[in-house]
Every structure is written in structure tokens, then in C-alpha cells.
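Novice: In the numbering used here, the protein residues as written are 52 to 526.
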């Protein structure tokens, strides 16, 4: 026999639902009214373009913004001067929102739809100026909602430096700063709006340093032992190794120091390597083989070699319990609509992206929800996701089809297209945090899912070992 709710109960539920929607609508409107303020903050960080562990002014600006809004600030956490925690409230649940603010080397670009870099300066080619600002905006919005509605618990913002190869969050996880968090939320700039289950590759990186003997390259070459020969021999062996690793693995390198003058046998040379795969055990195996190639190269060239671990991250572990809530809120918020001026800018950028770029109107669309994804890049959010239920989204801060780490990403991120996508993220993060605060069952289910996905015998072991934060890796 089918049971029906009394009409009074139905009306009460409808009323509660309408009240909840009204609160969300108010939060969206409030954030929209502050979009200019947050755009100015993001643009200031875009102009600073500070690289990993060097983000002193960017970090300080976000700290001040949060402090002015009533958050307590704990700076220099996990032994990292530019990492911080901002907090409002007390007790459980503890909902965390992650923010980043580091730039990439050599990718400066004006906010114009044509390539015009400024020398070799750094630039925000991954949009972290937007990332940190949107997350700050969301945390402040949730704090104000908690105040206005007597919501119990803690909203916490984590200022996370050096995501680009510096593995800042890994040190933070290792030091236990996420241990009391119930759910963590994050986002990332991109060229489309999506909140499906994310994926990211595990990653391990190091700088390999070869030491030789300098000599006159023409007058006494027999007395020299070239450190550059060691680097090149290592690279040759690793390149041959590519045939014998899983086809979905990735190995990248750049020679960061190859000597100073052709007529001097270089007594020092350095090469910087990344190894990636969607399973961290495979990454460890590949990295160990890269080390063996370096050792062989040193032996064969009469040089010596040492290496320094720079970064190491876990693959991303999705939490579908929270992810579906994130998606529903992104659908409510919607995508990015361009003005005529923004359309003209976007069309010029699109023309530089080559054939097959999607129509710029797709910036308005929210992509369908999917429970699986193909991993391409890496993120230290992966380590957070193995510690606490974690969900994220991406928004169209760039022109559709724009690749990350490109001048086109820097350009769009420095003007209103980037700011609009940023505010989509801020609204979605805020609404998702609100939903979680009001649903203890969601937190319980998310934690249960985390335990099942990582396995009952899981023990967190950081990929970069026990080394201290690599604070000088961008110097």
C-alpha cells in the first residue's frame, strides 16, 4: 500500500525548499554585487605574478581580505611562509575551501588578444590569481551566511602556495593541517564549465645535478669531464626508456643549466624531470628507473651525480557524494555570457587556437555530469583527496578551447572573461558549502565513500618523502 504525506507536511516541505532556494539566491546576488571588488583583487594578483613559494604579496593580499571580513589568520603553516589558514566559527563540521595563487615562469602576457609577452617574466597561465580570489570570495560569503542564519561549525580557507610543481599541499597534508576537516572543496580555471568527477595524474619530480671537471674545450679537452655530457647521456637513455613504459605515462624534462660558454668544458649541469601516470605506484617505478639512467650517465661520462626531490603528488581521488552536489549547484549558477566586447576578444583569441576549437558560445553551457574522467595534468589536491572527502569544479575563465599554460590563458585571465568565470566558481563553491553544512548525512556518506575508495588498509605516504618544503625551487 502506497503511503502519502499529509497535505500540511507537503506544504511545510515546499516552504522549507523555497526558503533554502531564497537563501541561495540571496548569496548569488550578494556575490554578484561584489564582483567588481573581487575582480580588482584577482587583477592585482595577476599583475604580481609571483612564482611558487615566492607569493608573499599575493598571499598577504588574500590574508588581509579574509581578516578584514572577520576571519582569524594562522600564517606560515607547515613550515611554508606563504601558506596560511583563515577560519571563522568553531566546532564541527569543518568545511574547507582551497585557494592557490602561484604563477608560472616565463609566461607573462598582456590582457590583449594577441601574443605580446614581456620578456621572461612570470605569468598566471594557469589562472591561480582567479583560483585564490574566487575561493576567498566563497569563504567570506559562507561566513556571512553562517552569521545571518546562526549556522554552527567552521568555515576554513586554506592558502595553498606552489601548486605548480612545488607540491605545497603535500607538505600541508604531511603536517596534518587537514586532519580535522570534514569536506574540502576546490576549483580550477579552464575553458568550460564542468563539475564532473575529476582526475589527475600522480607526479614525481626532481632536479638531477651533474658535476664534472672544467677545462679549455680546445686546448686541453682531455683534462675535462663534461657535466653537460652527463645530462645529455641521461636524457638519451630516458628517451629510449619511453618505449618501455606504460603508453599513458608521461616523462618531461628541461635542461636548467648546461654550462656558460662553449669553449669551457662545463663542470656543472642540471636537468629537471617529471614522471607522471594515473597510478602512483607506476610513477615510483618510472622515477626509480630515471634515477638509474642518471647513475649510468654519470658513470659513463666520468662525472658524479646527485639529485634533489622537488615535488610528488598522489593521483586525484574523486568523492561522488559531494561531487554531485557541486554539479547541481553549478547548474543553478549557470555558465558565462559574453558582452559584445568580450565576444570580439574571444573570437580573436579563438582564431589563434587552430582548427577544431569549440564555438565560443559553449562558455554559456554547463557540461553534462560524468562519474569518470581522463587525467591529463597533475595537482597536489590529490594528496588532500586521500585525506578528506574532496570535490571540485572548473569554469570558463578562458576562451573555449584554450589550453592551460598558454599566453591565451594569461590574456583572458587578465580581463573580464576571467573575472566572470571566477565568479561562477565563487557562487558554486559557496552554495555547495552551504548544502554540506546543513546535511550531516552528506558528510557521513562522503567519509564512508572515502574509506571505501582508498581501501581499509590505506596508509598515507607522501611521494616526496620527508624532505622539507622546496622553498627555493623557483629561484
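Where a beta carbon is used, it is the ideal one built from N, C-alpha and C, also for glycine.
Computed from a predicted structure; not experimentally measured.
Rounded to whole angstroms, how far is the Cβ of residue 361 from the Cβ of residue 524, which I believe are closer than 8 Å?
Specialist: Right, the Cβ-Cβ distance comes to about 5 Å (below 8 Å), so this counts as a contact.
Novice: What residue range is occupied by the uninterrupted alpha helix (DSSP H) comprising residue 97?
Specialist: Counting along the chain, the alpha helix (DSSP H) containing residue 97 begins and ends at 86 to 99.
Novice: What residue from 266, 438 and 461 has the CA that sits closest to residue 315's CA?
Specialist: For the residues 266, 438 and 461, the minimum Cα distance to residue 315 belongs to 266.
Novice: If you draw a straight line from the C-alpha of residue 257 to the C-alpha of residue 323, how long is it?
Specialist: So the two alpha carbons sit approximately 6 Å from each other.
Novice: Determine the contact status of residue 468 and residue 450, defining contact as a CB-CB distance below 8 Å.
Specialist: Contact: yes.
Novice: For my contact list, residue 248 and residue 415 are in at a C-beta cut-off of 8 Å; report their separation, rounded to the angstrom.
Specialist: Residue 248 to residue 415, Cβ: 23 Å. No contact.
Novice: Alpha carbon to alpha carbon, how far is residue 45 from residue 464?
Specialist: No answer is possible for residue 45: the residues shown for the chain start at 52 and end at 526.
Novice: Please classify residue 282 as buried or exposed, where buried requires at least 16 other C-beta atoms within 10 Å of its C-beta.
Specialist: When all chains shown are included, residue 282 counts as buried.
Novice: Ends of the beta strand (DSSP E) at residue 249?
Specialist: Segment: none, residue 249 is in no beta strand (DSSP E) and carries neither H nor E.
Novice: Entirely within the segment 127 to 156 and at least 4 residues each: give me those alpha helix (DSSP H) ranges in chain order.
Specialist: List check, alpha helix (DSSP H) in window: nothing returned.
Novice: Hey, residue 33 and residue 358 are a contact pair by Cβ (cut 8 Å); roughly how many whole angstroms apart?
Specialist: There is simply no residue 33 to check, as the chain begins at 52 and stops at 526 in what is shown.
Novice: By a C-beta neighbour count over all protein chains shown, 10 Å radius and 16 as the cutoff for buried, is residue 212 buried or exposed?
Specialist: Residue 212 is buried by the Cβ-count criterion.
Novice: Thinking just about the alpha-carbon of each residue, which of 461, 502 and 484 is nearest to the one in residue 160?
Specialist: Answer by Cα proximity: 461.
Novice: Using 8 Å as the threshold, is the segment 387 to 407 in touch with the segment 302 to 311, meaning 3 or more CB pairs across them?
Specialist: No, they do not touch.
Novice: Quick check on this structure: which residue in 402, 214, 88 and 397 has the alpha carbon closest to the alpha carbon of residue 238?
Specialist: Here the closest residue by C-alpha is 214.
Novice: DSSP on residue 505, reduced to helix/strand/coil?
Specialist: In this structure, residue 505 counts as helix in the three-state DSSP scheme.
Novice: Answer yes or no: the CB of residue 255 versus the heavy atoms of the ligand MN, is any distance below 7 Å?
Specialist: With respect to small molecules bound, the structure shown includes none, and the ligand MN cannot be examined in it.
Novice: Could you give the distance in angstroms between the alpha-carbon of residue 580 and the alpha-carbon of residue 398?
Specialist: The structure shown does not extend to residue 580, since the chain spans only 52 to 526, so no value can be given for it.
Novice: Count the other C-beta atoms from every protein chain shown that fall within 10 angstroms of the C-beta of residue 520, then say buried if there are 16 or more, exposed otherwise.
Specialist: Buried, because 16 or more other Cβ atoms sit within 10 Å of the Cβ of residue 520.
Novice: Whole angstroms are fine: how far does the CA of residue 431 sit from the CA of residue 293?
Specialist: The straight-line gap from Cα to Cα measures roughly 25 Å.
Novice: Where do the ends of the beta strand (DSSP E) carrying residue 443 lie?
Specialist: Residue 443 -> beta strand (DSSP E) spans 441 to 447.
Novice: Select from 386, 86 and 368 the residue whose C-alpha is nearest the C-alpha of residue 422.
Specialist: The residue with the shortest Cα to Cα distance from residue 422 is 368.
Novice: Just to confirm, are residue 185 and residue 284 a CB contact at a threshold of 8 Å?
Specialist: The answer is no: Cβ separation not under 8 Å.
Novice: Just list the beta strand (DSSP E) runs in the segment 329 to 374, keeping only unbroken ones of 3 residues or longer that don't cross its boundaries, in chain order.
Specialist: Runs of the beta strand (DSSP E) inside the segment 329 to 374: 355 to 364.
Novice: Residue 363 to residue 270, Cα distance in whole Å?
Specialist: The straight-line gap from Cα to Cα measures roughly 44 Å.
Novice: Kindly indicate the opening and closing residues of the alpha helix (DSSP H) around residue 435.
Specialist: Note, residue 435: alpha helix (DSSP H), 432 to 436.
Novice: For residue 171 and residue 307, what's the separation of their Cα atoms in angstroms?
Specialist: Looking at the two C-alpha atoms, the distance is approximately 14 Å.
Novice: Kindly indicate the opening and closing residues of the alpha helix (DSSP H) around residue 524.
Specialist: Here residue 524 belongs to no alpha helix (DSSP H), and DSSP marks it neither H nor E.
Novice: Return the chain-ordered ranges of every alpha helix (DSSP H) run that is complete within the segment 275 to 319 and spans a minimum of 4 residues.
Specialist: Complete alpha helix (DSSP H) runs here, min 4: 278 to 292.
Novice: Quick one: grab the DSSP three-state call for residue 192.
Specialist: It is helical.
Novice: Beta-carbon separation of residue 263 and residue 131 under 8 Å?
Specialist: In this structure, residue 131 does not lie closer than 8 Å to residue 263 by Cβ.
Novice: Keeping to the same chain, check which residues put their C-beta closer than 7 Å to that of residue 121; ignore five residues upstream and five downstream.
Specialist: Only 139 and 194 meet the Cβ criterion.
Novice: Have a look at residue 123 and residue 137 and give me their C-alpha separation to the nearest angstrom.
Specialist: Computed Cα separation, rounded: 5 Å.
Novice: Return the CA-CA distance between residue 116 and residue 481, expressed in angstroms with no decimal places.
Specialist: For residue 116 and residue 481, the distance between alpha carbons rounds to 17 Å.
Novice: Please return the same chain residues whose Cβ sits closer than 6 Å to the Cβ of residue 99, not counting the five positions on each side in sequence.
Specialist: 108 and 109.
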